[in-house]
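Reading through the structure tokens given below for one structure.
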Amino acid sequence: MKIANTLLILFLSLSSIMAQQTETTNTWTLEKCINHALSQNIQVQQTLLNNLSNEVDVEQAKANKLPSLNAAVSYSASWSNNDNANSWESDYRDVQSNNYSLNSNVTLFNSGRLKNLVEQAKTDLEAGVYDSEAVKETISLNVLNAFMQVIFNQENVENARFQMEATQEQAQYAEERYNAGVVSKSDYLQVKSQLATEKSNLITAKSDLAIAKVNLMQMMLLPVSNDFEISYPELNEDINQNIIPDATEVYAISAEIRPSLKSAEYQMKSAEINEKIAKAGYMPTLSANAGLSTGYSNALDETFTNQLNDRFTPNIGLTLSIPIFQNKQVKSSVAKARINYQTAELTQKDEQNTLRMNIEQVCVDVITSQYSYEANQEVFESNEESYALAEEKYKNGLMNSVDFIFEKNNLIQAQSTLLQAKYKLLFNYKILDFYKGQDITL
């Protein structure tokens with residue numbers, strides 16, 4: 001009996017653990033949502049493929065500095081009409097020949113063009129890596145916004161349900177008083193109308209929650225499912241941190257870590273290197289070449305081996321290529337490279353200005369959101385007290401339904417406004433933390 005009880009307890013414990021694991025697996029935290037979105041996003045995958053392509057470009061640029069080596073084998077046959085002096089007749093004679101060669105070429109000097117090509121490829125690779133990180137940041141912020149919309153709408157549903165349940169009790173109480181002849185039918189119908197309105201509000205809130213979940217799932221490229229549930233974070237009662245962020249300090253921190261700025265910086269560096277590469281076209285190019293060649297022909301009386309040995313010809317040489325007139329191609333390339341550098345410079349300044357303005361905006365948003373949250377909290381508390389007093393008066397027959405419903409609608413509006421202010425403040429805090437380089441978490 002004890003063994004059976006022990007096995008039963010063990011089975012129930014394992015079932016509980018498995019149920020908890022299943023619940024955890026099916027519940028999506030913010031971090032899990034972001035990671036899934038990043039792993040599935042097409043744009044992220046495209047940037048990663050672009051980075052792989054840039055890595056190939058780096059290896060190719062390095063390989064361009066190495067000597068080339070090429071082997072060649074050729075075969076030819078020809079026929080000629082030869083006169084025979086003894087028979088006074090002519091006949092065709094075929095001549096077959098094989099030629100074998102091995103050639104190598106290496107650039108010795110080209111005004112640093114090959115070296116700069118390597119540096120440019122490495123710079124483009126770094127820019128591509130930061131571009132990929134910038135895309136990931138944008139997606140993470142979008143998921144954060146969608147995730148918080150789900151939390152907001154879920155809390156809005158709970159508030160709407162609470163208000164509807166409270167009105168259901170009041171409607172039941174009003175019906176009893178109407179049947180007892182204490183209140184008029186008009187008062188009773190006013191409460192019933194309010195209950196119908198709040199039922200409609202609850203349906204609307206549930207619809208908004210469902211839409212918010214769909215938006216989050218689609219942003220994650222996750223098939224829409226009714227089983228999708230998020231993990232709701234535990235938020236403090238008072239989320240107001242009462243901080244006054246300094247936009248200059250935040251910008252100084254963000255400018256050092258923002259991948260969009262790093263990408264713009266490397267793109268400008270790449271454009272600068274490209275101008276040096278273009279200018280190398282004005283300079284001579286010195287290259288060395290070496291080769292080996294031999295051959296065989298059936299027109300000769302020597303053996304195949306002897307012919308290969310006798311016709312073995314090594315060669316070595318230097319080539320100096322001096323540009324004189326190239327139809328302004330080099331000049332045009334240099335001019336365009338300079339324009340591209342100036343464009344990259346403007347892009348970098350634009351990224352800096354955009355970052356500065358975004359940080360200035362979020363700092364202002366944080367301050368105003370804090371004031372708005374505090375003000376709306378006071379309004380809600382005031383309406384809550386007024387509603388409690390009105391509810392007491394209504395139950396004691398000292399207030400009609402019209403005035404009571406007016407007080408309740410004021411409370412509902414104040415509660416809705418406070419909820420919006422709460423999540424706006426929380427979102428602005430998260431954006432500020434993002435610009436400070438902190439992880440996106442709730």
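In UniProt numbering, the protein residues as written are 1 to 442. Quick reminder that beta carbons are idealized off the backbone N, C-alpha and C, glycines included. Computed from a predicted structure; not experimentally measured.
Check	Outcome
Checking 8 Å against the spacing of the C-beta atoms, do Y100 and S293 come in under that value?	yes
Could you tell me the alpha carbon to alpha carbon distance between D227 and V214, rounded to whole angstroms?	11 Å
Would you mind stating whether A255 and L261 have Cβ atoms separated by less than 8 Å?	yes
Alpha carbon to alpha carbon, how far is R258 from L49?	22 Å
Locate the alpha helix (DSSP H) running through N289, then write down its first and last residues.	Careful: N289 lies outside any alpha helix (DSSP H), inside the beta strand (DSSP E) at T285 to S297.
Applying the 10 Å Cβ sphere with the 16-neighbour rule, what's the burial state of N396?	exposed
Are the stretch 357-364 and the stretch 419-426 touching, with three or more C-beta to C-beta distances below 8 Å?	no
Inspect the beta-carbon positions of A266 and V362 and report whether they are closer than 8 Å.	A small correction: the amino acid at residue 266 is Tyr; Ala does not occupy that position in the sequence shown. For Y266 and V362, no; Cβs fall outside 8 Å.
Per DSSP, which residues does D94 bridge with? Please list them.	W79
When you compare only the Cα positions, how much space is there between Q190 and F380?	24 Å
Are the beta-carbon atoms of S78 and S104 separated by less than 8 Å?	no
Pick out whichever of E374, A288 and N410 has its Cα sitting closest to the Cα of A390.	N410
Three or more C-beta pairs closer than 8 Å, one from the stretch 55-74 and one from the stretch 112-129: is that the case here?	yes
Would a C-beta distance cut-off of 8 Å place E198 and L125 closer than the cut-off?	no
How long is the line joining the alpha carbons of E249 and I243, rounded to whole angstroms?	14 Å
Assign P223 to buried or exposed, taking buried as 16 or more other Cβ atoms, counted over all protein chains shown, within 10 Å of its Cβ.	exposed
Within 8 Å (strictly less), CB to CB, does L69 reach chain B?	The structure shown contains no chain B; it holds only a single protein chain.
Let me know the secondary structure DSSP gives E158 once reduced to three states.	helix
Could you check where the beta strand (DSSP E) with P314 kicks off and where it finishes?	T313 to S321
Residues in the same chain with beta-carbon distance under 8 Å from M217, minus the five sequence neighbours each way, listed in chain order, please.	P223, V224, S225 and F228
So, with DSSP's three-state summary, where would you put T22?	At T22, the pLDDT of 40 sits below 50, so the modelled position is not reliable; the number obtained from the coordinates is stated separately. T22: helix per DSSP, three-state reduction.
In whole angstroms, what is the alpha-carbon distance linking L346 and A335?	17 Å
Which first and last residues belong to the alpha helix (DSSP H) in which D350 is found?	Q329 to K395
Compute the distance between the beta-carbons of S297 and V95, then report whether it is under 8 Å.	yes
Please report the distance separating the alpha-carbon of S97 from that of L308.	11 Å
Can you grab the Cα-Cα spacing for the pair A196 / T27, in whole Å?	33 Å
Decide if the stretch 164-180 is in contact with the stretch 368-386; the criterion is three or more beta carbon pairs, one per stretch, under 8 Å apart.	no
According to DSSP, is V73 helix, strand or coil?	strand
Taking the continuous alpha helix (DSSP H) assigned at D187, which residues delimit it?	K185 to M219
Contact between the stretch 365-373 and the stretch 150-158 is defined here as three or more beta-carbon pairs at a separation below 8 Å; is this criterion met?	no
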